[in-house]
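Chemist: Top to bottom, those sequences are chains Z and P.
Under our numbering, read the first sequence as residues 126 to 271, first letter to last.
Under our numbering, read the second sequence as residues 126 to 271, first letter to last.
C-beta atoms are modelled at their ideal positions from N, C-alpha and C, and glycine is treated no differently.
2 protein chains.
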Amino acid sequence: MKPTVVEEIRAFNRFYTGIIGLLDQYLLKSEFTLPEARVLYEIYHHDAILAGEIIATLNMDKGYLSRMLDTFDQKRLISRNRSARDGRSVHISLTAKGKKEFEKLNQASRDQMKNMLALLPEEDGDKLLLHMAAIKQILSKTQKLI
Amino acid sequence: MKPTVVEEIRAFNRFYTGIIGLLDQYLLKSEFTLPEARVLYEIYHHDAILAGEIIATLNMDKGYLSRMLDTFDQKRLISRNRSARDGRSVHISLTAKGKKEFEKLNQASRDQMKNMLALLPEEDGDKLLLHMAAIKQILSKTQKLI
DNA sequence: CTTTTTTAGTTGACTTTGTCAACTAATTGC
DNA sequence: GCAATTAGTTGACAAAGTCAACTAAAAAAG
Chain Z
126 MKPTVVEEIR
136 AFNRFYTGII
146 GLLDQYLLKS
156 EFTLPEARVL
166 YEIYHHDAIL
176 AGEIIATLNM
186 DKGYLSRMLD
196 TFDQKRLISR
206 NRSARDGRSV
216 HISLTAKGKK
226 EFEKLNQASR
236 DQMKNMLALL
246 PEEDGDKLLL
256 HMAAIKQILS
266 KTQKLI
Chain P
126 MKPTVVEEIR
136 AFNRFYTGII
146 GLLDQYLLKS
156 EFTLPEARVL
166 YEIYHHDAIL
176 AGEIIATLNM
186 DKGYLSRMLD
196 TFDQKRLISR
206 NRSARDGRSV
216 HISLTAKGKK
226 EFEKLNQASR
236 DQMKNMLALL
246 PEEDGDKLLL
256 HMAAIKQILS
266 KTQKLI
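#1: Report the neighbours of Z:Ile179 on chain P: residues whose CB is nearer than 9 Å to its CB, in chain order.
#2: Does the distance from the C-beta atom of P:Asn138 to that of P:Ala173 stay below 9 Å?
#3: Compare the Cα-Cα distances from Z:Ser204 to each of Z:Leu165, Z:Gln237, Z:Ser155 and report the closest residue.
#4: Using a Cβ cut-off of 7 Å, pull out every chain Z residue sitting near P:Val164, in sequence order please.
#5: Please list, in chain order, the chain Z residues whose beta carbon lies closer than 8 Å to that of P:Glu133.
#6: Can you tell me whether DSSP reads P:Lys269 as helix, strand or coil?
#7: Assuming contact is defined by CB atoms lying nearer than 9 Å, are P:Met238 and P:Leu148 in contact in what I supplied?
#8: So for Z:Ser204, helix, strand or coil by DSSP?
#9: For Z:Glu133 versus P:Leu254, is the C-beta spacing smaller than 9 Å?
#10: Distance cutoff 9 Å, beta carbons only. Does P:Val130 sit that close to anything in chain Z?
#11: Taking all protein chains shown into account, decide if P:Asp249 is buried (16 or more other Cβ within 10 angstroms of its Cβ) or exposed.
#12: Step through the CB atoms of chain P and report whether any lies within less than 9 Å of the CB of Z:Ile271.
#13: Have a look at P:Lys252, P:Ala259, P:Gln150, P:Arg163 and flag the residue whose alpha-carbon is nearest the alpha-carbon of Z:Gln262.
#14: Output the distance between the C-alpha atoms of P:Lys269 and Z:Val215, rounded to the nearest integer angstrom.
#15: So what does DSSP say about Z:Ser218, is it helix, strand or coil?
#16: Would you verify that the beta carbon of P:Phe137 is, or is not, closer than 9 Å to some beta carbon of chain Z?
#17: Within 9 Å (strictly less), CB to CB, does Z:Asp249 reach chain P?
#18: In whole angstroms, what is the alpha-carbon distance linking P:Ile145 and Z:Arg201?
#19: Are the C-beta of Z:Lys229 and some C-beta of chain P separated by less than 9 Å?
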């Protein structure tokens, strides 16, 4: 692989780290921290998800998650249920309150992105989409192998 | 802007957050933490950079940076010099030792990327490059406006 | 079976990362 | 020359992440 390719991809990573940082920064004036938001996202989209699945998906420390779930529990955002099939595992679901709060957060994030995209000509959005899809497709092949 | 565009871009952000996380994770078994590496990068590429420039570029708290520079100083990785033109500002440079250590870190990061790309067919690297350049170009327009 | 080993999650102790506000010293604007 | 601003430092603290020891359950080995 040509050195330029390596360098350019690293440059893109730095650039995109900045973009994501900006987006996160403004979003997370909310009542949730960034990792909290990511965990809520996973639970919302996979009802009765196992703690271990969140850990694997988000590459997260299990102790850290366990404590985060405690605080969600205290706030009545989630319910935890021992698996009937495997008494070591815990299924996690959002309560009605948890769903509502996540949806609020999610909408704020969506609005933010919409505002950002509104600064661009319409066709740029579509272009972004295509380029991102292509990158995602290529990198998916490597992801498990890094 | 179509809702799909918004959702897809957010999906890409989640995906790419994961990629960057993986890369960082394996790289930073080094002696530097991630923000330290980013700061060293800036100093390496902009000799005699001002603290304020690093703060602006990396969107970083000045207190946090100030302390980080202290530890670099203790390790003799950088030198700090008051600006002659503005006695409040400090110019930061890498010492020979600092350059050497950064280069080591940089090479490790480069190697990691090379290994990752080696998993892909040659043409995928070039494709990635093009898509990334396009995204960078489009998003650069918005960056200051988020 | 029942003993060992592995696995899922919890808990404790700690480090790193990041934030905020008060402060010092220098500079700029009036 | 004085008030307001600015660059960076310091103190105090909160958020994020790591690591290892531990508990309880399940799976594997005998």
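Modeler: Let me lay it out:
#1: On the first sequence, position 54 is the one that residue 179 of chain Z refers to. The contacting residues do not exist; Z:Ile179 stays about 13 Å from chain P at best.
#2: Indexing the second sequence from 1 puts residue 138 of chain P at position 13. Indexing the second sequence from 1 puts residue 173 of chain P at position 48. No, they are not a contact pair.
#3: Translated into positions along the first sequence, residue 204 of chain Z becomes position 79. Minimum Cα distance to Z:Ser204 is reached at Z:Leu165.
#4: Residue 164 of chain P sits at position 39 when you count from the first residue of the second sequence. In chain order: nothing, as chain Z lies at least about 12 Å away.
#5: For this step, residue 133 of chain P is matched to residue 8 along the second sequence. Within 8 Å Cβ-Cβ: Leu254, Met257, Ala258.
#6: The residue labelled residue 269 of chain P in the question sits at position 144 within the second sequence. Since pLDDT at P:Lys269 reaches only 49, below the 50 mark, its modelled position is unreliable, and the value read off the structure follows with that caveat. Under the three-state reduction of DSSP, P:Lys269 is assigned to coil, being neither helix nor strand.
#7: As a first step, residue 238 of chain P must be located in the second sequence, where it is residue number 113. As a first step, residue 148 of chain P must be located in the second sequence, where it is residue number 23. Yes, the Cβ-Cβ distance between P:Met238 and P:Leu148 is below 9 Å.
#8: Within the first sequence, the letter at position 79 stands for residue 204 of chain Z. Here Z:Ser204 sits in strand by DSSP.
#9: If you number the first sequence from 1, residue 133 of chain Z lands on position 8. If you number the second sequence from 1, residue 254 of chain P lands on position 129. Contact: yes.
#10: Within the second sequence, the letter at position 5 stands for residue 130 of chain P. For P:Val130, the answer is yes, since a Cβ of chain Z falls inside 9 Å of its Cβ.
#11: Within the second sequence, residue 249 of chain P is the residue found at index 124, counting from 1. Label assigned to P:Asp249: buried.
#12: On the first sequence, position 146 is the one that residue 271 of chain Z refers to. The predicted model places Z:Ile271 with a pLDDT of 43, which falls under 50 and marks its position as unreliable; any figure quoted below should be read in that light. So yes, Z:Ile271 belongs to the interface.
#13: Here residue 262 of chain Z is taken as the residue at index 137 of the first sequence, counted from 1. Nearest C-alpha to Z:Gln262: P:Lys252.
#14: Translated into the one-based positions of the second sequence, residue 269 of chain P becomes position 144. Translated into the one-based positions of the first sequence, residue 215 of chain Z becomes position 90. Low confidence applies here, because P:Lys269 scores a pLDDT of 49, under 50, leaving its location unreliable and the question unanswered by this model.
#15: As a position in the first sequence, residue 218 of chain Z is number 93, starting the count at 1. Under the three-state reduction of DSSP output, Z:Ser218 falls in the strand class.
#16: The count along the second sequence starts at 1 and reaches residue 137 of chain P at position 12. Chain Z has a Cβ within less than 9 Å of the Cβ of P:Phe137.
#17: In the first sequence, residue 249 of chain Z corresponds to position 124, counting from 1. Yes, contact with chain P.
#18: Sequence index remark: in the second sequence, residue 145 of chain P carries index 20 (1-based). Sequence index remark: in the first sequence, residue 201 of chain Z carries index 76 (1-based). Distance between the alpha carbons of P:Ile145 and Z:Arg201: 32 Å.
#19: To locate residue 229 of chain Z, count along the first sequence from 1; it is residue 104. Not closer than 9 Å to any Cβ of chain P, the Cβ of Z:Lys229 fails to qualify, so no.
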